[in-house]
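Student: Structure incoming, see below.
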Amino acid sequence: MDQTSSNKPSGKPWLSLEQWRQDPEFLTFAEKEFRTSPLQSGDGVGGTARRDFLKLMGASLALTSFGCVRRPAQKIIPYAKKPQDIVHGLPNYYASSFVDGMEAIGILVTTRDGRPIKIEGNPDHPANMGSMSSRAHADILRLYDPDRYTAPKRNLQNKNRTNREIINARWEDLDKAVTEQLGKGKVALLTHNHSSPTTQALMEEFAGAFGGKIYQYDDVSYASLVEAQKASYGSATIPNYNIDRAKIVVAINNDFLGTWVAPVTFQRQFAMGRKKSTEGMSKLVVFESLMSLTGSNADKRYRIRPSQSLDVVMALLHELVVVRKSSRYASDDGVVRVLSGFSKSREDLGINVGEVAEELWKNKGQSLVLAGGMSADGDFGVALQVAANFLNAVLENDGKTIETGRSVTRGAPIGDLLNALNKKEITTLIVHGSNPVYSLPENSKFREALSNVEMIITTGDRNDETARLADYVATDHHALENWGDMQSLGGALSIQQPTIQPLHNTRAFQDSMLAWLKGAGKGSAKAKASETWYDYLNASWKTLSAGKTGKLNFEDYWNDVLQTGVMQGSNGAAGSRSLASGTLANVKPTAKRAGFELAIYQKVGIGDGRLANVPWLQELPDPVTKVCWDNYACISPKDSVQLKIKEGQYVQLTVGDKKIELPAHIQPGQADGVVGVAFGYGRNGGGSVVDGIGANAMTLAQWVDGRAVTAGLETTIKPLTKKTELAVTQGHHVMEGRQIVVEETLADHMKDPGGQVHRHNLTTMWSEHKYNGNKWGMVVDLNTCTGCGSCVIACQSENNIPSVGRKNVIDGREMQWMRIDRYYVGTPEDPDVVHQPLLCMHCDNAPCETVCPVIATVHSDEGTNDMIYNRCVGTRYCSNNCPYKVRRFNWFSYTDVKAPRQMALNPEVTVRNRGVMEKCTFCIHRIRGVKAQHKVHDTKLRDGDVKTACQQSCPSNAITFGDLNDTKSMVRGEFDSPKAYALLDELNVKPSVRYQVKVRNTDKLKWAPAHEPVPGAPHGQGHKPPAHGRAGEPLPHGGPPPPDAGPGHPPMPPHDPPPPPVPAEGGH
Amino acid sequence: MAKKIVGAVVVFGLLGGLSVFIWALTNNKIVIGYNKGYEPDQPIPYSHKQHAGQLQINCKYCHTGVDKSRHASVPPLNICMNCHLVVKTDSPHIQKLTEAYNSGKSIAWNKVNLLPDHVKFNHAPHIKAGKDCTVCHGNVAEMEKVKQVQSLSMGFCVNCHREKENHAPINCSTCHY
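Heads up: the sequence lines are chains A and B, in that order.
So for the first sequence, our numbering puts the first residue at 1; every next one is plus one.
So for the second sequence, our numbering puts the first residue at 1069; every next one is plus one.
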């Protein structure tokens, strides 16, 4: 089957290649609400299954009739000594900080009775202003990870460090052994970018006392970025980007919205430039190899191979400096000479970079070029960054959209450590916060070099790949159990404070350092005076905050900082800088690659793999591929045809003598000749959730000149016969309708906002509901939504939503209340992407309500569609009748979570058991809570008082929620805006959620406007095959009713007039 | 003959079972329906009659959460110790209390008033609306041992919510979510 034909009309958006091809299997699944039923999965004969069901029902009836005896004796155990600030039943919030790679953001931790249950963003922190990443949310489950070590461990090693016997250690014994060992000197402390100034001070003191040295290693390294900054500007920093000030952003293999440096901050800034969809809306141009989250949000996207990244930058420079002579560098002979060497780049690329260059120049000083990242960190990595720096300088962006940032250098590079290890210059190695044995390329020979060390101590919470080679695991606290401070890239100093007593017999690494210093009788006066790490931190902040406390004395100031989480006035750029001349001279053309090129990338959810043992993140569908629980090799549609590779078929990837095997995923929009593999899988020691999933991409990476090369490596692909099914969620929950996502060009939008929306003039035979008090509603702005998935995890954390595992996802039983549909528009080779978050629409004329036989789903006079769990008997009629497919059914009991994960459950939300339907509640418990508090305090509800979990978390502020009956509310304005449209409007179900159109800053869309029938496309009626005969109908009835549904089909609300049939080329 | 024996065994078995069942019901070993009338013994025979009745201690002095939160909350032992640090320290019950307080282990009271499952009840707005504690809890000030006096069934709640002067919502999601 030719899946790459470009001639096919592509009038409507599509979700998967199967849908694009109108695969018969896809059509069958699209019709059904549930892909499989456990009741049918026995012998496949409906009648037998039905009898089994009755048998089961009979048995449970017999049980319940005895179980229906009241008075389970319950105990109430009050506090013996209640802490003053705790009111049982009300949450307490603690301001703290979260560090993830290079990004440090402020968080607010919700605790109940001394137990943290959710992490939210701190609105006072300038880096994230209350928004969050999915990973920051998931950190709560790392605290309650059952695989965490509960006490320090000792690994009994043989000479080759292959012994696996693990015994419990006591802190006293550990301290004694370590202190003795440290006394021998030659200590190396390998740390990640912890972002903490005080920890850094303590580390320096510690290293100094033992004649040691600090080295730095991050599992995802930004070494080439920092190195190029040093070459171009003389300071080894990560610059401060002001994406909100840029009218045009050009990203070259750079996933700044998803994974690069500080995605939460960047998304927030990017959204500020997109929110006003009028003149001056920013434009995003992406050149990339894989389809990243950033690429999926591009206005204009070009496909390049990783090794062409440098060519793009140089071609742009050549165009601006040599061809157009626009910049002052045009008279710089040295620069012109270097650029002339790249005069062919433009032709090699086959891309008209002229128009991009023109737009960049038009917006000089208001443009931004971002380049590189893991998937373009080839042997050209540093050159690419240097060239991008130069391009930004040519465009006069320095000091405007890009400023001097802050150092993230915590120590000497890992290359130095390797040399020292190989020269046997190190007797003791302490590894903190990273996992080099897993994430360094094999040819770095790091593992082998470790046998030259006498003692290795790791500070992780488990025996990961590095810890297995260590002698001691000095179990560190989780960040929510520990004190600390942090400095974000923007400069904001924030505090990290514990929100719970340590769950296990762990000890802060900082306390360990202090203990070892004291054991050896060393350390500064401050260290000696500090009984604990808290004392040390407190003393350091006395110095840090000098002159900033205003009228407060330090004690009051400290309490103030603990309250707000941030040191006021600490944010801000670090000053101006100037480009060193002659940096471009070292930029050499990239060597041509034969065959496939490897591009290792980070997934939005998994990132550097630190949080990979959190099931939420494993089950978070990748924003673009929509695959969860899996690691796979992404190849382009054209390559898949050429190599005869099918989706899910295993392929063997070979770089040099290194091989891995992975199932293939065919990714629309990916550049040909590129194979993408995600980082963070193939773990052995990561924990019970992540171990055994996929293969380690870093097996294929190379260690070149003290840097890990993760892209542009020549790779061969060999298809294997093995096959698997990837756990992909897109293709489940398919909606059928005429206009699901609406896109407009900026020019059209400015002339007539919402002009592409097909409006319906509908009347109803139903008596309308009356809403006298509040009427809750929501608006989702498709233009700012980047599809990152932060809302999905926020919802999961807030509403006690279970993770169901890989097999259940394949069977279409994922439970997330919120899903983000990703639509492709255009051809599989070069599609545009629209992300659409989907949640319960809380329809005024809700189709689910009319069909529930037990009235378990009912309408409230506040406009919400309530789900009453204890009434639900699980007929699933409601789900069958939901045109948006947002209802989720508990096929199994997911309530027995492994201890202590149950501690993360939110007591405000019922934990649903088996056989019960559930769905988004509009965070009704938050509405109730806020209203109760207003009632108690005699205050009035104001706009913005109630925030849903998804809205609160969204980094791009795409979600607005509030009272539609309040004419002055923000949501009312957005709801009535001409940009807004109701999804599946033609059904007249009157959803309380509306979407605002996606505006693309481009001249032409990749599709015909959806409400005009696609020319030449056959219509739904009479469409073949017969299984597809209902295609013209507006509501997805599903096929036969489920076995327990009984005869007949539940009625639907009438609609008048019936909409005309849908063009068959659409999504059904 | 064998059949008769079997029949007799079955009949006696059933009769025996039934009598055990009736005994259990009448002796509060099992309760069918709501918990009205439930009056369990407590680890310390705390008397509301004495504290709330004779001594006229306000309910909120101990049940501090009632006007703030969902839970009225059973008082932490430090509230008991406000007085019992000096009052009646020779009583073995108070000594038990003091011991629990000092050891930090607290006391496991038997929960008396039990709402059916799947209901979210919030005390604070009800207190704010001026409802007296006795509406649901009866006259506790006269109870030596606390007893559930109302069924606390959905009907009990809804009857009150439906009364116009109460201006109370009757959405399902008022209580169920």
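Just so it is clear, CB atoms sit at the ideal spot from N, CA and C, and this is done for glycine as well.
Please compile the residues from chain A whose C-beta is within a distance smaller than 9 angstroms of the C-beta of N1178(B).
Tutor: Numbered from 1 along the second sequence, position 110 holds the residue referred to as residue 1178(B). Those are A73, Q74, K75 and I76, listed as they occur along chain A.
Student: Counting only beta-carbon separations shorter than 8 angstroms, does H1235(B) have a partner in chain A?
Tutor: As a first step, residue 1235(B) must be located in the second sequence, where it is residue number 167. Output row for H1235(B): interface = no.
Student: Can the beta-carbon of C872(A) be found closer than 8 angstroms to that of M917(A)?
Tutor: Position 872 of the first sequence holds residue 872(A). Position 917 of the first sequence holds residue 917(A). Yes; because the gap between Cβ atoms is below 8 angstroms, this pair is in contact.
Student: According to DSSP, simplified to helix, strand and coil, what is P831(A)?
Tutor: Translated into the one-based positions of the first sequence, residue 831(A) becomes position 831. Three-state result, P831(A): coil.
Student: Can you find a CB in chain A that lies within less than 8 angstroms of the CB of S1087(B)?
Tutor: Residue numbering aside, residue 1087(B) sits at position 19 when the second sequence is read from its first letter. No - not a single Cβ of chain A is within 8 angstroms of the one on S1087(B).
Student: Residues of chain B with CB under 7 angstroms from H88(A), in chain order?
Tutor: Position 88 of the first sequence, counted from the start, is the residue given in the question as residue 88(A). Those within 7 angstroms of H88(A) in chain B are G1133, S1137, H1139 and S1141.
Student: Given that H1186(B) touches chain A, what residues does it touch there, using C-beta distances under 7 angstroms?
Tutor: Numbered from its first residue, the second sequence carries residue 1186(B) at position 118. Simply Y869, N870 and T910.
Student: Put E908(A) into one of helix, strand or coil per three-state DSSP.
Tutor: Here residue 908(A) corresponds to residue number 908 of the first sequence, with the count starting at 1. Looking at E908(A) - three-state DSSP - the assignment turns out to be coil, as it is neither helix nor strand.
Student: Identify, in the order they occur along the chain, each residue of the same chain with its Cβ nearer than 6 angstroms to the Cβ of K1188(B), setting aside the five sequence neighbours on each side.
Tutor: In the second sequence, the residue the question calls residue 1188(B) occupies position 120. Answer for K1188(B): C1243, listed in chain order.
Student: So what does DSSP say about Q652(A), is it helix, strand or coil?
Tutor: Counting from one through the first sequence, the residue named residue 652(A) turns up at place 652. Correct three-state label for Q652(A): strand.
Student: How long is the line joining the alpha carbons of F66(A) and L1086(B), rounded to whole angstroms?
Tutor: Within the first sequence, numbered from 1, the residue matching residue 66(A) stands at position 66. Within the second sequence, numbered from 1, the residue matching residue 1086(B) stands at position 18. Note on F66(A): pLDDT 41, under 50, position unreliable in the model; the coordinate value appears next. Near 14 angstroms, if we compare the C-alpha coordinates of L1086(B) and F66(A).
Student: What is the rounded straight-line gap between the Cα of A747(A) and the Cα of G929(A)?
Tutor: The sequence position of residue 747(A) within the first sequence is 747, counting from 1. The sequence position of residue 929(A) within the first sequence is 929, counting from 1. Approximately 44 angstroms, taken between the alpha carbons.
Student: Out of Q385(A), N482(A) and S640(A), state which residue places its alpha-carbon closest to the alpha-carbon of S224(A).
Tutor: Numbered from 1 along the first sequence, position 224 holds the residue referred to as residue 224(A). It is Q385(A) whose Cα lies nearest to the Cα of S224(A).
Student: In terms of alpha-carbon separation, which member of L156(A), E172(A) and D332(A) lies closest to I166(A)?
Tutor: On the first sequence, position 166 is the one that residue 166(A) refers to. Taking only the C-alpha atoms, the option nearest I166(A) is L156(A).
Student: Give the list of continuous alpha helix (DSSP H) stretches no shorter than 4 residues that lie fully inside the stretch 420-488 of chain A.
Tutor: Entirely contained in the stretch 420-488 of chain A, the alpha helix (DSSP H) runs reaching 4 residues are, in chain order, 436-439 and 446-449.
Student: Please report the straight-line C-alpha distance between I717(A) and R164(A), rounded to a whole angstrom.
Tutor: Position 717 of the first sequence, counting from 1, holds the residue named residue 717(A). Position 164 of the first sequence, counting from 1, holds the residue named residue 164(A). Cα-Cα distance, rounded: 35 angstroms.
Student: In angstroms, rounded to a whole number, what distance separates the CA positions of M102(A) and N389(A)?
Tutor: Within the first sequence, numbered from 1, the residue matching residue 102(A) stands at position 102. Within the first sequence, numbered from 1, the residue matching residue 389(A) stands at position 389. Straight-line Cα distance between these residues: approximately 19 angstroms.
Student: Less than 8 angstroms between the beta carbons of A904(A) and I117(A), yes or no?
Tutor: Here residue 904(A) refers to the residue found at position 904 of the first sequence. Here residue 117(A) refers to the residue found at position 117 of the first sequence. Against a cut-off of 8 angstroms, the Cβ pair of I117(A) and A904(A) comes out as a contact.
Student: With a threshold of 7 angstroms on Cβ separation, who are the neighbours of S969(A) within its own chain once the five nearest residues in sequence on each side are excluded?
Tutor: Stepping through the first sequence from its first residue, residue 969(A) is reached at position 969. Excluding residues within five positions, the ones whose Cβ falls inside 7 angstroms are D943, G962 and D963.
Student: Mind listing which residues of the stretch 912-934 of chain A have their C-beta closer than 9 angstroms to chain B's C-betas, in chain order?
Tutor: T921, I924, H925, I927, R928, G929, K931, A932 and Q933
Student: On the DSSP bridge assignment, give the partners of N240(A) in chain order.
Tutor: One-based indexing of the first sequence puts residue 240(A) at position 240. E403(A), per the DSSP bridge assignment.
Student: Mind checking whether L429(A) and A177(A) have CB atoms under 8 angstroms apart?
Tutor: As a first step, residue 429(A) must be located in the first sequence, where it is residue number 429. As a first step, residue 177(A) must be located in the first sequence, where it is residue number 177. A177(A) is positioned such that its CB atom lies no closer than 8 angstroms to that of L429(A).
Student: Pull out every residue of the stretch 1192-1208 of chain B whose Cβ sits closer than 7 angstroms to any Cβ of chain A, in chain order.
Tutor: Interface annotation for the stretch 1192-1208 of chain B against chain A: A1192, P1193 and K1196, criterion Cβ-Cβ distance under 7 angstroms.
Student: Just checking: is the beta-carbon of S1174(B) within a distance shorter than 8 angstroms of some beta-carbon in chain A?
Tutor: Position 106 of the second sequence, counting from 1, holds the residue named residue 1174(B). So, interface residue.
Student: For W1091(B), count neighbouring Cβ atoms within 10 angstroms of its own Cβ and tell me buried if that reaches 16, exposed if not.
Tutor: Here the question's residue 1091(B) lines up with position 23 in the second sequence. W1091(B) is exposed by the Cβ-count criterion.
Student: According to DSSP, is L1123(B) part of a helix, a strand, or is it coil?
Tutor: Here residue 1123(B) corresponds to residue number 55 of the second sequence, with the count starting at 1. Correct three-state label for L1123(B): coil.
Student: Alpha carbon to alpha carbon, how far is I660(A) from G692(A)? Give it in angstroms, no decimals.
Tutor: In the first sequence, counting from the first residue as 1, residue 692(A) sits at position 692. In the first sequence, counting from the first residue as 1, residue 660(A) sits at position 660. Rounded to whole angstroms, the gap between the alpha carbons of G692(A) and I660(A) is 13 angstroms.
Student: Quick check on D866(A) - is its C-beta less than 8 angstroms from some C-beta in chain B?
Tutor: Numbered from 1 along the first sequence, position 866 holds the residue referred to as residue 866(A). Closer than 8 angstroms: yes.
Student: Using a cut-off of 9 angstroms between C-beta atoms, extract the partners of V858(A) located in chain B.
Tutor: Taking the first sequence and counting its residues from 1, one reaches residue 858(A) at position 858. Within 9 angstroms Cβ-Cβ: N1239, C1240 and S1241.
Student: Measuring alpha carbon to alpha carbon, tell me which of L493(A), N800(A), A371(A) and I238(A) ends up nearest N913(A).
Tutor: Numbered from 1 along the first sequence, position 913 holds the residue referred to as residue 913(A). Nearest of L493(A), N800(A), A371(A) and I238(A) to N913(A), Cα basis: N800(A).
Student: Indicate the three-state DSSP secondary structure (helix, strand or coil) for C634(A) in the structure shown.
Tutor: The residue labelled residue 634(A) in the question sits at position 634 within the first sequence. If DSSP states are grouped into helix, strand and coil, C634(A) belongs with the strands.
Student: Relative to the C-alpha of Q796(A), which candidate in T409(A), I351(A) and E619(A) has its C-alpha closest?
Tutor: Here residue 796(A) refers to the residue found at position 796 when the first sequence is read from its first residue. Minimum Cα distance to Q796(A) is reached at E619(A).
Student: Which of the three DSSP states, helix, strand or coil, is assigned to F922(A)?
Tutor: Looking up residue 922(A) in the first sequence gives position 922. In this structure, F922(A) counts as coil in the three-state DSSP scheme.
Student: Taking C-beta pairs closer than 9 angstroms, name the residues in chain A that Y1129(B) reaches, listed in chain order.
Tutor: For the purposes of this step, residue 1129(B) is identified with residue 61 of the second sequence, where counting begins at 1. Near Y1129(B) there are no residues of chain A at all, since even the closest Cβ is about 14 angstroms away, more than 9 angstroms.
Student: Against chain B, does Y771(A) count as a neighbour if the rule is that its beta carbon must be under 8 angstroms from one of theirs?
Tutor: Along the first sequence, read from residue 1 onward, the residue named residue 771(A) stands at position 771. No, because no Cβ of chain B sits closer than 8 angstroms to the Cβ of Y771(A).
Student: Output the distance between the C-alpha atoms of E180(A) and T427(A), rounded to the nearest integer angstrom.
Tutor: For the purposes of this step, residue 180(A) is taken as residue 180 along the first sequence, with counting starting at 1. For the purposes of this step, residue 427(A) is taken as residue 427 along the first sequence, with counting starting at 1. In this structure, the alpha-carbon of E180(A) lies about 12 angstroms from that of T427(A).
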